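2 protein chains.
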Amino acid sequence: MLTIVKEQLSSLSATPLYLQLADMIRNQIRDGGIRTGEALPSERELSDAVGISRVTVRRAIETLLREGLLSRRHGSGTYIAPRIEQPAALLAGFSADMRNRGLMPGSHWLDRSAGLPTPDEAMTLALSIDQPVLRFARVRMADGEPLAIERAVVPAQFLGSVDDVQDSLYAALDLREARPVRGLQRLQASLATAAEARLLSVPVGAAILRIERRGFLANGMPVEFTRSAYRGDRYDFITEVRELRQEPGRQP
Amino acid sequence: MLTIVKEQLSSLSATPLYLQLADMIRNQIRDGGIRTGEALPSERELSDAVGISRVTVRRAIETLLREGLLSRRHGSGTYIAPRIEQPAALLAGFSADMRNRGLMPGSHWLDRSAGLPTPDEAMTLALSIDQPVLRFARVRMADGEPLAIERAVVPAQFLGSVDDVQDSLYAALDLREARPVRGLQRLQASLATAAEARLLSVPVGAAILRIERRGFLANGMPVEFTRSAYRGDRYDFITEVRELRQEPGRQP
DNA sequence: GCCTTTAACTGGTATCTACCAAATTCCGCG
DNA sequence: CGCGGAATTTGGTAGATACCAGTTAAAGGC
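One line per chain: the protein sequences are A and B, in this order.
Each residue of the first sequence is one higher than the one before, starting from 165 at the first, in our numbering.
Each residue of the second sequence is one higher than the one before, starting from 165 at the first, in our numbering.
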């Protein structure tokens, strides 16, 4: 049973009502107040139980649908979706990714410098070849063991100097309000070169997962171009795919 | 300049108005009627140009925002997002994936049989060990060359018999209205075993991209468990990542 | 001339209302 | 008792309206 407390919603708050309601429902789902498969109260019930309009209730439900927490069936009701594991790769940087997996992130620097873009970097970052970029190359560790080599290139305009990046590139971009909200990643299986093998302490010819990521701002401007090489024996990449049109589902 | 033809919208049509409008705008963007960066007419303008309410216009725009075609700025306007390539892996089966890449899909069967699930198959498909499953194993080809080995397992309840699957597994599932709408994929780099090397005509120890996919219905029921081995030298996997909260973007 | 203020845009949230369409429930007929 | 069909309940779409909140550009004052 879902218990919605009318008094917890405030139209004076800065956050919109529909997000407040969404949070409320999300928390109750997380805290186990409602079992999976169980139905939510109908939109009309919710609406006048909480004293907000049905349209607003629907908006709240829609955000939760998009997160995959609920599923709707026309004519039947709105149900709590079965617990699903979150894909690890939700536009998280390496540090966040590792923490999600319960591992201790670490790194040591290979290179941190300013310079000019190579032709293909200029191309993918939509720069002219005289606009400076910053380069960050690190060996990334998980629980003290080398896991990946990461080489990031960022247009200098988005970061003051290379020293702004201490632990996390994304944290530094966040401060400048230049955190990417969208990314395109390319994954490929390959073999370790001699240099990579040495840095990752694996034999030459070991399996390597190469990930190339481009990060974009909301307006589409590219901010990040990162090429990584992950140890194939220690790392797997989880991703979620959906249909574009998310229509109401069926349920027996 | 965007030209919206009022007469093309019909409230009699089966598809809702907001989707009709979204299609209309989407087509004009694709056909290059409007340049990237350019602003759409304001919601109010659109609204009374087409003769539909602003709420409906907003719904149309929202679906295009989610597809990444538009970006909105509070107080400023709605803009065409810069052209972005579509991620190939949009819950497409192998055949559709290959056609997207401009390659001719093909396959030859290794196995097509009914049986009982192994313990880990039963686990991931949420079956008991006495519920029958169908197995499909194929070598997948692109333009006549072997590209991947694909082994799919589907609970028998979702397909009549193994003969229902001719070319495409997804087409067969579609007919029974059991097409997955959501999938979780796990990618890992690895090396070719002797058996794989023979089937894919690569040397033993070549780079292999292993993809494990679980497909789910809208209600969360698992319908598909597929393990594939792709040639690392011929295949790369493209994926898109987003922030959960998609808020309006900034633009200079 | 420049800077500040103000007014006129823009999208963002929220209301009430009406009706359509899919599922389910209930009831009466055979 | 079983089945079919009507009534009810659920979500889905669409409208008109009001006001709030950022942005931008024009109007005003210095």
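Ideal Cβ placement from N, Cα and C applies to all residues, glycine included.
Computed from a predicted model, the values in this text were never measured in an experiment.
Within chain B, the residues that A245(A) reaches when beta carbons sit closer than 7 Å: The sequence position of residue 245(A) within the first sequence is 81, counting from 1. Residues of chain B passing the Cβ test: G384.
T242(B) vs L204(B) beta-carbon contact at 8 Å: Counting from one through the second sequence, the residue named residue 242(B) turns up at place 78. Counting from one through the second sequence, the residue named residue 204(B) turns up at place 40. Cβ atoms of T242(B) and L204(B): closer than 8 Å.
Enumerated in chain order, which unbroken segments of the beta strand (DSSP E) with a length of 3 residues or greater are wholly contained in the segment 280-312 of chain B? 297-306
Thinking C-alpha only, which one of V318(A), D261(A) and E341(A) is nearest M305(A)? For the purposes of this step, residue 305(A) is taken as the residue at position 141 of the first sequence. The option with the nearest alpha carbon to M305(A) is D261(A).
Does any residue of chain B bring its CB to less than 8 Å from the CB of A316(A)? Here residue 316(A) is taken as the residue at index 152 of the first sequence, counted from 1. Interface with chain B (8 Å Cβ-Cβ cutoff): A316(A) is excluded.
Residues of the segment 349-367 of chain A with Cβ closer than 9 Å to any Cβ of chain B, in chain order: Q349, R350, L351, Q352, A353, S354 and L355
Residues near R374(B) in its chain [Cβ-Cβ closer than 6 Å; skip 5 each side]: Numbered from its first residue, the second sequence carries residue 374(B) at position 210. The answer, listed in chain order, is Q352, S354 and A393.
A371(B) - containing beta strand (DSSP E), residue span: Counting from 1 along the second sequence, the entry for residue 371(B) is found at position 207. Element bounds for A371(B): A371 to F380.
Contact check, G266(B) vs E404(A) under 8 Å by CB: the rounded distance? If you number the second sequence from 1, residue 266(B) lands on position 102. If you number the first sequence from 1, residue 404(A) lands on position 240. So it is not a contact: roughly 26 Å between Cβ atoms.
Can you pull the DSSP bridge partners for G347(A)? Indexing the first sequence from 1 puts residue 347(A) at position 183. Looking at the DSSP assignment, G347(A) forms a beta bridge with G379(A) and V405(B).
Within 10 angstroms of the Cβ of G413(A), are there 16 or more other Cβ atoms? Answer buried if so, exposed if not. Counted from its first residue, the first sequence places residue 413(A) at position 249. Low confidence applies here, because G413(A) scores a pLDDT of 34, under 50, leaving its location unreliable; read the following figure in that light. With 16 or more other Cβ atoms within 10 Å, it is buried.
How long is the line joining the alpha carbons of Q415(B) and V219(A), rounded to whole angstroms? What you label residue 415(B) is simply residue 251 of the second sequence in a count that begins at 1. What you label residue 219(A) is simply residue 55 of the first sequence in a count that begins at 1. Caution applies to Q415(B), whose pLDDT of 36 falls short of 50 and renders its modelled position unreliable; the model cannot decide the point.
Apart from the five residues just before and just after A301(B), which ones in its own chain have a Cβ nearer than 8 Å to its Cβ? Taking the first residue of the second sequence as position 1, residue 301(B) is located at position 137. Around A301(B): W273, L274, D275, R276, I313, E314, R315 and A316.
So, F389(A) versus E285(A), is the Cβ gap smaller than 8 Å? Taking the first sequence and counting its residues from 1, the one referred to as residue 389(A) is at position 225. Taking the first sequence and counting its residues from 1, the one referred to as residue 285(A) is at position 121. In terms of Cβ geometry, F389(A) and E285(A) form a close pair [threshold 8 Å].
T220(A), enclosing alpha helix (DSSP H) - first and last residue: Indexing the first sequence from 1 puts residue 220(A) at position 56. First-last of the alpha helix (DSSP H) with T220(A): R218 to R230.
Alpha helix (DSSP H) containing F258(A): first to last residue? Taking the first sequence and counting its residues from 1, one reaches residue 258(A) at position 94. Its alpha helix (DSSP H) spans residues F258 to N264.
Excluding five sequence neighbours on each side, which residues of the same chain lie with their C-beta closer than 8 Å to the C-beta of S292(B)? By 1-based counting over the second sequence, the position of residue 292(B) is 128. So the list reads A286, once near-sequence residues are dropped.
Interface residues of chain A facing F401(B) [CB-CB closer than 8 Å]: Here residue 401(B) corresponds to residue number 237 of the second sequence, with the count starting at 1. Going along chain A in sequence order, the residues near F401(B) (Cβ under 8 Å) are R350, L351 and Q352.
Outcome for G257(A) when other beta-carbon atoms lying within 10 angstroms are tallied against a minimum of 16: As a position in the first sequence, residue 257(A) is number 93, starting the count at 1. Counting Cβ neighbours within 10 Å, G257(A) comes out buried, since at least 16 surround it.
Counting C-beta neighbours from all protein chains within 10 Å, is the total for Q349(B) 16 or more, i.e. buried, or is it exposed? Counting from 1 along the second sequence, the entry for residue 349(B) is found at position 185. That one is buried.
Are there three or more Cβ pairs, one per stretch, closer than 8 Å when the segment 179-193 of chain B is compared with the segment 207-226 of chain B? yes
How far does the alpha helix (DSSP H) with A186(B) in it extend, from its first residue to its last? Your numbering for residue 186(B) matches position 22 in the second sequence. From DSSP, the alpha helix (DSSP H) with A186(B) extends over L181 to R194.
What does DSSP give as the partner residues of T390(B) in its beta bridges? The residue you call residue 390(B) lines up with position 226 of the second sequence. Per DSSP, A316(B) and R377(B).
A318(A): buried (16+ other C-beta within 10 angstroms of its C-beta) or exposed? For the purposes of this step, residue 318(A) is taken as residue 154 along the first sequence, with counting starting at 1. Note on identity: in this sequence residue 318(A) is Val, with Ala being the wrong assignment. Burial call: buried.
A335(A), DSSP secondary structure in three states: As a first step, residue 335(A) is located in the first sequence; it is residue number 171 there, counting from the start. The answer is helix: DSSP assigns A335(A) an H, G or I state.
In terms of residue numbering, what span does the alpha helix (DSSP H) encompassing S211(B) cover? Taking the first residue of the second sequence as position 1, residue 211(B) is located at position 47. Taken as a continuous stretch (DSSP letters only), the alpha helix (DSSP H) holding S211(B) covers E207 to V214.
For chain B, find out if any of its Cβ atoms is closer than 8 Å to the Cβ of I372(A); answer yes or no. Translated into positions along the first sequence, residue 372(A) becomes position 208. Yes, because at least one Cβ of chain B sits closer than 8 Å to the Cβ of I372(A).
Contact check, D331(A) vs A371(A), beta carbons under 8 Å: Against the first sequence, residue 331(A) aligns to sequence position 167. Against the first sequence, residue 371(A) aligns to sequence position 207. The answer is no: Cβ separation not under 8 Å.
Within 8 Å of any Cβ in chain A, is that where the Cβ of R222(B) sits? Position 58 of the second sequence, counting from 1, holds the residue named residue 222(B). No - not a single Cβ of chain A is within 8 Å of the one on R222(B).
Determine the DSSP secondary structure at R199(A), reduced to helix, strand or coil. On the first sequence, position 35 is the one that residue 199(A) refers to. R199(A): coil per DSSP, three-state reduction.
Rounded separation between A245(A) and V329(A) - CA only: Position 81 of the first sequence, counted from the start, is the residue given in the question as residue 245(A). Position 165 of the first sequence, counted from the start, is the residue given in the question as residue 329(A). Looking at the two C-alpha atoms, the distance is approximately 39 Å.
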